[in-house]
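The structure appears below as structure tokens.
Number of protein chains: 2
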Amino acid sequence: MAITIKDVAQHAGVSVGTVSRVLAKNSTVNDAIRLKVEGVIEQLGYRPSSLGRNLRLNRTYLIGLLIPDITNPFFAELAKQVEMLASAEGYSVLLANTHDDPKAEQMQVEAMLSRLPFGLILVPVSDSAVNTIVAGTRTVTVDRPLQGHALVSVDNARGGYMAADHLLSLGHRNLGYISGPSSTEVSRARRSGFISGITEFRRQHSGMVVESRIVEGNFDYLSGETLGRTLLQSAPGTRPTAIATASDQQAIGLMRAAADLGIRVPEDLSIIGFDDIPLASLVFPRLTTIRQPIAEIARITLEAVLGRLSPQKEWMLEPVLIRRSSSAFAPPVT
Amino acid sequence: MAITIKDVAQHAGVSVGTVSRVLAKNSTVNDAIRLKVEGVIEQLGYRPSSLGRNLRLNRTYLIGLLIPDITNPFFAELAKQVEMLASAEGYSVLLANTHDDPKAEQMQVEAMLSRLPFGLILVPVSDSAVNTIVAGTRTVTVDRPLQGHALVSVDNARGGYMAADHLLSLGHRNLGYISGPSSTEVSRARRSGFISGITEFRRQHSGMVVESRIVEGNFDYLSGETLGRTLLQSAPGTRPTAIATASDQQAIGLMRAAADLGIRVPEDLSIIGFDDIPLASLVFPRLTTIRQPIAEIARITLEAVLGRLSPQKEWMLEPVLIRRSSSAFAPPVT
DNA sequence: ATTGCCAAATGAAACGTTTCATATTGACAG
DNA sequence: CTGTCAATATGAAACGTTTCATTTGGCAAT
Numbered sequence: 071m072a073i074t075i076k077d078v079a080q081h082a083g084v085s086v087g088t089v090s091r092v093l094a095k096n097s098t099v100n101d102a103i104r105l106k107v108e109g110v111i112e113q114l115g116y117r118p119s120s121l122g123r124n125l126r127l128n129r130t131y132l133i134g135l136l137i138p139d140i141t142n143p144f145f146a147e148l149a150k151q152v153e154m155l156a157s158a159e160g161y162s163v164l165l166a167n168t169h170d171d172p173k174a175e176q177m178q179v180e181a182m183l184s185r186l187p188f189g190l191i192l193v194p195v196s197d198s199a200v201n202t203i204v205a206g207t208r209t210v211t212v213d214r215p216l217q218g219h220a221l222v223s224v225d226n227a228r229g230g231y232m233a234a235d236h237l238l239s240l241g242h243r244n245l246g247y248i249s250g251p252s253s254t255e256v257s258r259a260r261r262s263g264f265i266s267g268i269t270e271f272r273r274q275h276s277g278m279v280v281e282s283r284i285v286e287g288n289f290d291y292l293s294g295e296t297l298g299r300t301l302l303q304s305a306p307g308t309r310p311t312a313i314a315t316a317s318d319q320q321a322i323g324l325m326r327a328a329a330d331l332g333i334r335v336p337e338d339l340s341i342i343g344f345d346d347i348p349l350a351s352l353v354f355p356r357l358t359t360i361r362q363p364i365a366e367i368a369r370i371t372l373e374a375v376l377g378r379l380s381p382q383k384e385w386m387l388e389p390v391l392i393r394r395s396s397s398a399f400a401p402p403v404t
Numbered sequence: 071m072a073i074t075i076k077d078v079a080q081h082a083g084v085s086v087g088t089v090s091r092v093l094a095k096n097s098t099v100n101d102a103i104r105l106k107v108e109g110v111i112e113q114l115g116y117r118p119s120s121l122g123r124n125l126r127l128n129r130t131y132l133i134g135l136l137i138p139d140i141t142n143p144f145f146a147e148l149a150k151q152v153e154m155l156a157s158a159e160g161y162s163v164l165l166a167n168t169h170d171d172p173k174a175e176q177m178q179v180e181a182m183l184s185r186l187p188f189g190l191i192l193v194p195v196s197d198s199a200v201n202t203i204v205a206g207t208r209t210v211t212v213d214r215p216l217q218g219h220a221l222v223s224v225d226n227a228r229g230g231y232m233a234a235d236h237l238l239s240l241g242h243r244n245l246g247y248i249s250g251p252s253s254t255e256v257s258r259a260r261r262s263g264f265i266s267g268i269t270e271f272r273r274q275h276s277g278m279v280v281e282s283r284i285v286e287g288n289f290d291y292l293s294g295e296t297l298g299r300t301l302l303q304s305a306p307g308t309r310p311t312a313i314a315t316a317s318d319q320q321a322i323g324l325m326r327a328a329a330d331l332g333i334r335v336p337e338d339l340s341i342i343g344f345d346d347i348p349l350a351s352l353v354f355p356r357l358t359t360i361r362q363p364i365a366e367i368a369r370i371t372l373e374a375v376l377g378r379l380s381p382q383k384e385w386m387l388e389p390v391l392i393r394r395s396s397s398a399f400a401p402p403v404t
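Protein chains in written order, with my numbering: chain Y, 71 to 404; chain R, 71 to 404.
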């Protein structure tokens, strides 16, 4: 049987209220008694039950974190940052994966809400269903927007634009783009940013010919590899000299495909990824990419979920181009 | 104000007890009333509070998961598996990172216990301190042993042995080993398994000369790269023709170092990792490795923590050798 | 008409806290 | 010696459930 505040009170010969006030550091209580009570607490090894406490205060110190897949390095990093900040503030993190499945997402949201978290951080998969459910709990959405809730994300369109701009400025005129699933806003934004980067370039260079080919899949390694293969197996001469991807994972899969086909990076093919996961600087060659400021995203998200930020509805962060060795000047035209 | 069971009772014109019994599907309640109550619940959007429930039952449906670093692909995979299984059983997962820091570990354990999880899954960093603290909550340890608690792990010594055996059977006689930190039992077991693999081989081949050089660092990419560089920069002729590592991350860092130095894998250097993280089959060349059966580890761990397994104190799983392209026959001696 | 029985609903207690109104104490001024 | 006040401790209520001992009502058997 666990030790309750009553046991402590009894042993110390005081009332439960007094013990409670001893525990609440800021309350006024006679020094002798305080010492006595603290002694008993120590001796009995009493640990306040959060159950009673939560009920009484009608408030938990839980933050729900609902992401597609903790195995994805981007989300792992996000989870880590969020957890670090949260636990520094005395909150604990409830983790759940949606596996990009709307059904699973809904169930997980339900499960989380039944635990009455103080707030919810959500990387939503589906647009509907969810928004009715999360009423009542402060919810902040990361990466993907959700009707009626705060959103923290990187400026994905800008990132896509930067990727196109980088490749074009290196002289590439035949580009490929490996997109994420069109069902997500993130994918769409990155891709349309990429496209408008090209459009803008052509406008400025009065109609210069820029070819581009876009293929679509998931954000994972495998999609990068398969779609990369598709792009790279175009007839020689029409094969892109540079490819941008919607995630670093795809980019790494793409590098893999290039290696298999004997295509050298960056000599024959420039690659630029998106995210800047830790691995990006460890693959060979080191990956040029569009970095998402994850720590910043995590910080703002948590502050927002704790209600410390003005109730602004959207925070959009600037991505930054990280130049490494996977991108280089276009090979001379022969 | 949230809707409570009282509100439901009032609206339905029944007592709270009845509503409670309607919610507990297996109880006996008149059909007409059941329907009526269910209607009111639906209409009011009532959602039982886990706060009251937990207090009354003196039981939460939380599983604490305390790992060194969610960013490490191995732990990410473990977390994913555990979360999947747990949520299927109606439990939620509390996640925390220790960052391999005993101080942080202790704080995190305290924080978790104050939430009264039903059980705790722990990948311990430090050997002391913790074991007194976790008394009272069923705790299962993964990967690293902790006095007085159940342990689920792979047979690390066996894994190390298998790595040595694999390289030796390919004809390599000059081996390198990149170890994890000696402070962890895991590292020590893998390394000593590797060493005894060599010893055993020499015994069976009556004293055949096998050289080996061991360096030590962390489990991460960076350590693999730096230590790899150290090993590979030995005087030519004495440089190892095969290197085993204590983690796939190290192995990938090592591949990176080899690429930088112009050493071809597997032609000039065979590499074998440990873990079989998803990335292992995506790097170039695909990584030969010793697989930990993570799904199995997760399954057993969760069952154990839920108290469904006989109170056996230790489960040790067999690792399995996954042969891919990063290891090959030793180059002919010149 | 009385009794006994069963099914089904009720009322109240209990879980471990916090908090607020109230009670106690001691010191000190009048 | 009384009255007042500040300082501090107490007791009880409340948070939202579940559960158990009781009550209620209907109906069959006597």
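Using N, Cα and C, we set each Cβ at its ideal position, and we do this for glycine too.
Within 10 angstroms of its Cβ, does G307(Y) collect 16 or more other Cβ (buried), or is it exposed?
To locate residue 307(Y), count along the first sequence from 1; it is residue 237. With fewer than 16 other CB atoms across the displayed protein chains lying within 10 angstroms of its CB, G307(Y) is exposed.
Nearest candidate by alpha-carbon position, reference H405(R), set L238(R), D290(R), E286(R):
This structure cannot settle anything about residue 405(R), because the visible part of chain R is limited to 71 through 404.
With burial defined as no fewer than 16 other Cβ atoms inside 10 Å of the residue's Cβ, what is the status of E180(Y): buried or exposed?
Position 110 of the first sequence, counting from 1, holds the residue named residue 180(Y). It counts as exposed.
Determine the direct distance from the alpha carbon of E153(R) to that of Q141(R), and round the result to whole angstroms.
Within the second sequence, residue 141(R) is the residue found at index 71, counting from 1. Within the second sequence, residue 153(R) is the residue found at index 83, counting from 1. At residue 141(R) the sequence reads Thr, which differs from the Gln that was named. Spanning the two alpha carbons is a distance of roughly 16 Å.
Which of the residues in the segment 157-174 of chain R, read from start to end, lie with their CB under 7 Å from any CB of chain Y?
Residues of the segment 157-174 of chain R with a Cβ closer than 7 Å to any Cβ of chain Y, in chain order: S157, S162, V163, L164, L165, A166, N167.
Have a look at A374(R), A312(R), P381(R) and flag the residue whose alpha-carbon is nearest the alpha-carbon of T359(R).
The residue given as residue 359(R) occupies position 289 in the second sequence. The shortest C-alpha to C-alpha distance from T359(R) to any of A374(R), A312(R), P381(R) is the one to A312(R).
Which full runs of the beta strand (DSSP E) of 3+ residues lie inside the segment 135-176 of chain Y, going along the chain?
Runs of the beta strand (DSSP E) inside the segment 135-176 of chain Y: 162-167.
Round the Cβ separation of N288(R) and P251(R) to the nearest angstrom and send it over; I've been treating them as touching at under 8 Å.
Walking along the second sequence from the start, residue 288(R) turns up at place 218. Walking along the second sequence from the start, residue 251(R) turns up at place 181. Right, the Cβ-Cβ distance comes to about 6 Å (below 8 Å), so this counts as a contact.
In terms of alpha-carbon separation, which member of L376(R), P402(R), S395(R) lies closest to A220(R)?
As a working note, residue 220(R) is residue 150 in the second sequence. The residue among L376(R), P402(R), S395(R) with its C-alpha nearest the C-alpha of A220(R) is L376(R).
Residue ranges of each alpha helix (DSSP H) run of no fewer than 4 residues wholly in the segment 320-379 of chain R, ordered along the chain?
Here the runs fully enclosed are 364-375.
Which chain R residues sit within Cβ distance under 9 Å of R326(Y)?
If you number the first sequence from 1, residue 326(Y) lands on position 256. By Cβ distance, chain R contributes L352, V353, F354, R356.
Can you give me the C-alpha to C-alpha distance between Q382(R) and R361(R), rounded to a whole angstrom?
Counting from one through the second sequence, the residue named residue 382(R) turns up at place 312. Counting from one through the second sequence, the residue named residue 361(R) turns up at place 291. Their backbone Cα atoms lie some 24 Å apart in a straight line.
In whole angstroms, give me the CA-to-CA distance for T371(R) and R378(R).
On the second sequence, residue 371(R) is found 301 positions in, with the first residue counted as 1. On the second sequence, residue 378(R) is found 308 positions in, with the first residue counted as 1. Taking the straight line from one Cα to the other gives about 10 Å.
Quick check on the DSSP output: the beta strand (DSSP E) that includes A234(Y) runs from which residue to which?
Within the first sequence, residue 234(Y) is the residue found at index 164, counting from 1. Residue range 226-239 is occupied by the alpha helix (DSSP H) that includes A234(Y), with no beta strand (DSSP E) assigned at that position.
Using CA coordinates, which residue listed in R91(R), R283(R), E384(R), I347(R) is at the minimum distance from D290(R)?
For the purposes of this step, residue 290(R) is taken as residue 220 along the second sequence, with counting starting at 1. Selection R91(R), R283(R), E384(R), I347(R) evaluated against D290(R) yields I347(R) as nearest (Cα-Cα).
I need the boundaries of the alpha helix (DSSP H) containing R123(R), first residue and last residue.
Position 53 of the second sequence, counting from 1, holds the residue named residue 123(R). Note, R123(R): alpha helix (DSSP H), 120-127.
If you follow the beta strand (DSSP E) that E281(R) is part of, which residue opens it and which one closes it?
One-based indexing of the second sequence puts residue 281(R) at position 211. Here the beta strand (DSSP E) through E281(R) covers 281-286.
Quick one, are the C-beta atoms of F188(Y) and I137(Y) less than 8 Å apart?
Here residue 188(Y) refers to the residue found at position 118 when the first sequence is read from its first residue. Here residue 137(Y) refers to the residue found at position 67 when the first sequence is read from its first residue. Result no, Cβ atoms of F188(Y) and I137(Y) do not sit closer than 8 Å.
Compute the beta-carbon to beta-carbon distance between V224(Y) and S249(Y), rounded to the nearest angstrom, for a pair I have assumed lies under 8 Å.
Here residue 224(Y) refers to the residue found at position 154 when the first sequence is read from its first residue. Here residue 249(Y) refers to the residue found at position 179 when the first sequence is read from its first residue. That belief does not hold up - the Cβ atoms of V224(Y) and S249(Y) are roughly 16 Å apart, past 8 Å.
The beta strand (DSSP E) that contains I248(Y), what's its start and end?
Reading the first sequence from its first residue, position 178 is the one you call residue 248(Y). Where I248(Y) is concerned, the enclosing beta strand (DSSP E) stretches over 244-249.
Proximity test, Cβ basis, 8 Å: D139(R) and chain Y:
Locating residue 139(R) in the second sequence gives position 69, where the first residue counts as 1. Taking Cβ atoms only, chain Y reaches closer than 8 Å to D139(R), which makes this a yes.
With the cut-off set at 8 Å, would you say G343(R) and D318(R) are in Cβ contact?
The residue labelled residue 343(R) in the question sits at position 273 within the second sequence. The residue labelled residue 318(R) in the question sits at position 248 within the second sequence. Going by C-beta atoms, G343(R) is nearer than 8 Å to D318(R).
Whole-angstrom distance between N124(R) and L186(R), CA atom to CA atom:
In the second sequence, counting from the first residue as 1, residue 186(R) sits at position 116. In the second sequence, counting from the first residue as 1, residue 124(R) sits at position 54. For the pair L186(R) and N124(R), the Cα-to-Cα distance works out to about 10 Å.
Name the chain Y residues whose beta carbon is nearer than 7 Å to that of S120(R)?
Along the second sequence, one-based indexing puts residue 120(R) at 50. Simply S184, R185, L186.
Counting beta carbon pairs with one atom in the segment 227-236 of chain Y and one in the segment 262-280 of chain Y, are three or more of them shorter than 8 Å?
Touching, yes, given that three or more Cβ pairs across the two stretches are closer than 8 Å.
With DSSP as the reference, please indicate the residues paired to A314(Y) in a beta bridge.
Here the question's residue 314(Y) lines up with position 244 in the first sequence. In the DSSP output, where bridge partners are listed per residue, A314(Y) has Y247(Y), I342(Y).
If we define contact as Cβ-Cβ less than 8 Å, is K150(Y) a contact residue for chain R?
Reading the first sequence from its first residue, position 80 is the one you call residue 150(Y). Chain R contact via Cβ: present.
Three or more C-beta pairs under 8 Å: does that hold for the segment 75-89 of chain R against the segment 107-122 of chain R?
Because the criterion of three Cβ pairs below 8 Å is met, the segment 75-89 of chain R and the segment 107-122 of chain R touch.
For I367(R), which residues from the same chain have a beta carbon less than 6 Å from its beta carbon, with the 5 sequence-adjacent residues on both sides left out?
Walking along the second sequence from the start, residue 367(R) turns up at place 297. Non-local C-beta neighbours of I367(R) in its own chain, meaning closer than 6 Å and more than five positions away in sequence, comprise V222, ordered along the chain.
Starting from the C-beta of L240(Y), find all residues in its chain whose C-beta is less than 8 Å away, skip the five residues before and the five after it, and write them out in chain order.
The sequence position of residue 240(Y) within the first sequence is 170, counting from 1. A distance below 8 Å between beta-carbons, with the five flanking residues on each side excluded, links L240(Y) to the following residues of its chain, in chain order: A312, S340, S397, A398, F399, A400.
When you compare each of L245(R), S304(R), R126(R), Q320(R) to L292(R) by their alpha carbons, which one comes out closest?
Your numbering for residue 292(R) matches position 222 in the second sequence. When each option's Cα is compared against that of L292(R), the closest is Q320(R).
Would A314(R) pass as a contact of L245(R) if the rule is Cβ separation under 8 Å?
Stepping through the second sequence from its first residue, residue 314(R) is reached at position 244. Stepping through the second sequence from its first residue, residue 245(R) is reached at position 175. Less than 8 Å divides the Cβ of A314(R) from the Cβ of L245(R).
Quick check on N167(R): buried or exposed, where buried means 16 or more other Cβ atoms within 10 Å of its Cβ?
As a first step, residue 167(R) is located in the second sequence; it is residue number 97 there, counting from the start. By the 10 Å Cβ count, N167(R) comes out buried.
Residue nearest to D77(R) in terms of C-alpha spacing, selected from D338(R), G115(R), D345(R)
Position 7 of the second sequence, counted from the first residue, corresponds to residue 77(R). It is G115(R).
Quick one: measure Cβ to Cβ for V210(R) and I191(R), integer angstroms, because I've assumed they're closer than 8 Å.
Taking the first residue of the second sequence as 1, we reach residue 210(R) at position 140. Taking the first residue of the second sequence as 1, we reach residue 191(R) at position 121. The beta carbons of V210(R) and I191(R) sit about 6 Å from each other, so the pair counts as a contact at 8 Å.
Boundaries of the alpha helix (DSSP H) in which E255(R) is found, first to last residue
For the purposes of this step, residue 255(R) is taken as residue 185 along the second sequence, with counting starting at 1. Start and end: 255-274.
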